[in-house]
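Numbering (my numbering), first residue to last: 257 to 423.
Let me begin by presenting the structure, written as structure tokens, before commenting on it.
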């Protein structure tokens with residue numbers, strides 16, 4: 257269970273989420289003045305650590321803490337609410353992160369505007385985990401949940417097709 261803390265300050269809540277059963281705790285780079293200290297606090301709980309980058313924050317910002325994280329989360333919309341339009345420059349940010357990471361076992365997750373039209377380019381760029389909200393729930397309801405599964409399958413198929421074509 258990855259707990260993505262979109263809060264500031266984040267440090268006072270780390271132990272509570274670790275105790276609640278989080279496997280990974282992800283904090284925003286922009287959430288406080290000392291992200292290095294935040295990552296140390298997460299690691300001190302024995303949990304995996306993730307760092308999230310808002311759209312306006314360059315990948316290079318996290319170069320000095322990259323060895324402390326298990327995952328980098330690229331926000332491909334401005335955080336705060338669902339249904340926003342995907343920010344295309346996120347693809348280049350994912351590619352830059354993949355180059356920075358090299359062969360280290362660090363995941364790249366993308367959150368925001370992930371759908372069958374965007375997931376392929378993100379996968380080709382190096383993302384390996386995707387958060388899809390609005391795209392999953394399009395066309396469905398409590399009384400008609402079938403579209404949820406169809407939407408998930410479409411997103412997965414688009415990612416797999418892009419990776420196969422790139423191979």
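Just so it is clear, CB atoms sit at the ideal spot from N, CA and C, and this is done for glycine as well.
Remember, it's a predicted structure, so these values are computed and weren't measured experimentally.
{"Query": "Check: residue 396 C-beta below 8 Å from any heavy atom of the ligand FAD", "Result": "This structure does not include the ligand FAD; it has no bound ligands of any sort."}
{"Query": "Identity of the residue in 268, 398, 374 and 306 nearest residue 419 by Cα", "Result": "374"}
{"Query": "Coarse secondary structure for residue 327, derived from DSSP in three states", "Result": "strand"}
{"Query": "Residue 259 - containing beta strand (DSSP E), residue span", "Result": "258 to 261"}
{"Query": "N-terminal and C-terminal residue of the alpha helix (DSSP H) that residue 379 is part of", "Result": "375 to 381"}
{"Query": "Three-way DSSP call (helix, strand, coil) for residue 357 in this model", "Result": "helix"}
{"Query": "Residue from 342, 382 and 321 whose Cα sits closest to the Cα of residue 359", "Result": "382"}
{"Query": "Nearest candidate by alpha-carbon position, reference residue 396, set 408, 310, 385 and 387", "Result": "408"}
{"Query": "Same chain, Cβ closer than 7 Å to residue 278, neighbours up to 5 away in sequence not counted", "Result": "257, 259 and 303"}
{"Query": "Identified DSSP bridge partners for residue 312", "Result": "Answer is none; residue 312 lacks a bridge partner."}
{"Query": "Residue burial classification, residue 339 (beta-carbon count within 10 angstroms, cutoff 16)", "Result": "exposed"}
{"Query": "Three CB pairs or more closer than 8 Å across the segment 401 to 416 and the segment 349 to 369", "Result": "no"}
{"Query": "Rounded distance between the beta-carbons of residue 366 and residue 350, thought under 8 Å", "Result": "7 Å"}
{"Query": "For residue 233, three-class secondary structure by DSSP", "Result": "Limits of the chain in this structure are 257 at one end and 423 at the other, which puts residue 233 out of reach."}
{"Query": "Simplified DSSP assignment, three categories, for residue 393", "Result": "helix"}
{"Query": "Short Cβ contact (9 Å threshold) for residue 309 with residue 281", "Result": "no"}
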